[in-house]
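Quick note on numbering: the numbering used here labels position 287 of the sequence shown as 287, and the sequence is numbered without any gaps. Just so it is clear, CB atoms sit at the ideal spot from N, CA and C, and this is done for glycine as well.
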Amino acid sequence: MSNKTKSPDLLSAPIPKTIRDMTIPMIFGMVTLMLFNLVDTFFVSLLGTDPLAAISFTFPVTFTVISLAIGLSIGTSAIIAKALGAGNLEEARFDGAVALIVSALFVSVLAFIGYIYIDPIFSLLGAKQDLMPFIYDYMHVWFIGSIFLITPMIGNAVLRASGDTKTPSIIMGSAGLINAILDPIFIFGLGPIPAMGIKGAAIASVIAWAVGVFLILYLLIIKKNLLSLNSKNQTFILATKKMLKIGLPAAGANMLTPIAMGIMTAIVASHGAEAVAAFGVGSRIESISSIVVLALSMTLPPFISQNFGAGKFNRVAMAYKTTLKFILIWQFALYLLLIVFSGVIANIFASSEGVVSVIKLFIWILPLGYGLQGVIILSNSSFNALHKPMNALFMSVIRLFVFYVPLAYLGSLYWGIHGLFIGALIGNVFTAIISYRWFCQTLQSIESNEQIKVCEA
1 MSNKTKSPDL LSAPIPKTIR DMTIPMIFGM VTLMLFNLVD TFFVSLLGTD
51 PLAAISFTFP VTFTVISLAI GLSIGTSAII AKALGAGNLE EARFDGAVAL
101 IVSALFVSVL AFIGYIYIDP IFSLLGAKQD LMPFIYDYMH VWFIGSIFLI
151 TPMIGNAVLR ASGDTKTPSI IMGSAGLINA ILDPIFIFGL GPIPAMGIKG
201 AAIASVIAWA VGVFLILYLL IIKKNLLSLN SKNQTFILAT KKMLKIGLPA
251 AGANMLTPIA MGIMTAIVAS HGAEAVAAFG VGSRIESISS IVVLALSMTL
301 PPFISQNFGA GKFNRVAMAY KTTLKFILIW QFALYLLLIV FSGVIANIFA
351 SSEGVVSVIK LFIWILPLGY GLQGVIILSN SSFNALHKPM NALFMSVIRL
401 FVFYVPLAYL GSLYWGIHGL FIGALIGNVF TAIISYRWFC QTLQSIESNE
451 QIKVCEA
């Protein structure tokens, strides 16, 4: 590849420093995007209860499309990073171009179906007729503009596969900033631009995504020369199959989480409204506490895939172990911090003494397992990096529907809300052990000629 595509050397550079340098920009990008999404929700909330309720109903639908996009981006990153690690630069460029085209087609078809069936979809979700006009206004624009959502996501996956995580973080942050600036303008109006209400929020998002499309295509085609539709050794169909083999199971695994959380919420609801309110706060605490884990789940796979493609299995094992050790220490330190400030946190989010006490209970129990949850998430992303997507999918099923939800339910039956949280914690313990051992065995079987056990502690 030319100097225009120069990227971090994932095949020989020191492992801890390389992963750290890749992860820090991703953390910045994710935090920036999260803050701007909160701003988005804030502006919609100023329109009143009905628009806010309407946009809440859109989350399961938009998350379905986004889950597909995330899954396809995981598949894209895995196949391109492996090709780069093996030195197949032409294959990597071709795979990237095909991934962009195929992903756009998939999302377009899904969005078209959603657009046509807005009424039955949202009626099934329980939306009342008085909310439907708001939902129409938002989703008509969102579905049409979703083609602009997928391109930056896939393009960022191509960049991460080459070891570049700074550029994706800048693009993520820029899109979030544009969205935050345009939100009040299109929602409430400014000068010649009329107030468009909830439709304005969707238009602001689509414009931000469109800017992301321009930036990512300029970078991939002009600046970095990472895309090409010329290949002597493979066809469009073959490249598509490679990407979908990993991307579709990864998308399915992403979709399992909201299903499981819905079931968990129903279980929590049996303990009253205060428990539900506290669990909602706890879920927000969990999402914020998992930022480093999620950032690593985007940066570790390209490292693993490139070294997998190059046959450097010891570097794969060392990166996997080093990352897990770090995340266990990091999340435990975070747990201690949450314990110290549990009272302050609880009182920020709630005024009811009952809700405050349940939030404190949540903080004392569940965050203790966030490091183990990190082991599970990073093992899953590493399975995808080794082109073992079904392992990752099965691991998600085992975690959520064999251990996490069932043990939480059993704990809830016998020991109330205390038992529910402890059961969920124990579920993470069992799943973390299984995921670690399974990944080690998988890596060992792939490199069967290796004389040492690459995952031995």
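Simplified DSSP state of residue i, which is helix, strand or coil
| i | result |
| --- | --- |
| residue 372 | helix |
| residue 190 | strand |
| residue 226 | coil |
| residue 88 | coil |
| residue 5 | Per-residue confidence for residue 5 stands at a pLDDT of 41, beneath the threshold of 50, marking its modelled position as unreliable; no derived number is given. |
| residue 82 | helix |
| residue 129 | helix |
| residue 286 | helix |
| residue 312 | coil |
| residue 202 | helix |
| residue 323 | helix |
| residue 387 | coil |
| residue 341 | coil |
| residue 157 | helix |
| residue 353 | helix |
| residue 235 | coil |
| residue 457 | Here the model assigns residue 457 a pLDDT of 49, short of 50, so the residue's position is not dependable, and the following value carries that caveat. It is coil, neither helix nor strand. |
| residue 165 | coil |
| residue 264 | helix |
| residue 146 | coil |
Assumed close pair residue i, residue j - CB separation to whole angstroms, cut-off 8 Å
| i | j | result |
| --- | --- | --- |
| residue 289 | residue 334 | 6 Å |
| residue 384 | residue 78 | 6 Å |
| residue 201 | residue 183 | 6 Å |
| residue 248 | residue 374 | Residue 248 to residue 374, Cβ: 25 Å. No contact. |
| residue 104 | residue 150 | 6 Å |
| residue 114 | residue 61 | 6 Å |
| residue 160 | residue 302 | 5 Å |
| residue 421 | residue 339 | With a Cβ gap of about 14 Å, residue 421 and residue 339 do not count as contacting. |
| residue 123 | residue 26 | Not a contact, Cβ separation roughly 39 Å. |
| residue 107 | residue 68 | 6 Å |
Contacts around residue i, its chain only, beta-carbon distance under 7 Å, and the 5 residues preceding and following it disregarded
| i | result |
| --- | --- |
| residue 20 | none |
| residue 134 | 50, 51, 54, 198 |
| residue 31 | 291 |
| residue 16 | 322 |
| residue 45 | 52 |
| residue 296 | 23, 323, 327, 378 |
| residue 272 | none |
| residue 57 | 122, 125, 127, 131, 135 |
Residues of its chain near residue i, where Cβ-Cβ distance is below 6 Å and the 5 sequence neighbours each way are ignored
| i | result |
| --- | --- |
| residue 208 | 175, 178, 179 |
| residue 172 | 29, 33 |
| residue 256 | 396, 400 |
| residue 332 | 371 |
Neighbour-count burial assignment, residue i, 16 or more Cβ in a 10 Å radius
| i | result |
| --- | --- |
| residue 76 | buried |
| residue 315 | buried |
| residue 293 | buried |
| residue 361 | buried |
| residue 376 | buried |
| residue 353 | exposed |
| residue 87 | exposed |
| residue 230 | exposed |
| residue 112 | exposed |
| residue 164 | buried |
| residue 232 | exposed |
| residue 152 | buried |
| residue 73 | buried |
| residue 370 | buried |
| residue 84 | buried |
N-terminal and C-terminal residue of the alpha helix (DSSP H) that residue i is part of
| i | result |
| --- | --- |
| residue 270 | That residue, residue 270, is in no alpha helix (DSSP H); it is neither H nor E in DSSP. |
| residue 13 | From DSSP, residue 13 is part of no alpha helix (DSSP H); its letter is neither H nor E. |
| residue 122 | 118-124 |
| residue 422 | 405-446 |
Residues near residue i in its chain [Cβ-Cβ closer than 8 Å; skip 5 each side]
| i | result |
| --- | --- |
| residue 442 | 383, 386, 388, 391 |
| residue 227 | 93, 96, 97, 100, 158, 220, 221 |
| residue 148 | 206, 209, 210, 212, 213 |
| residue 245 | 75, 387, 389 |
| residue 136 | 118 |
| residue 363 | 282, 285, 338, 339, 342, 345, 346 |
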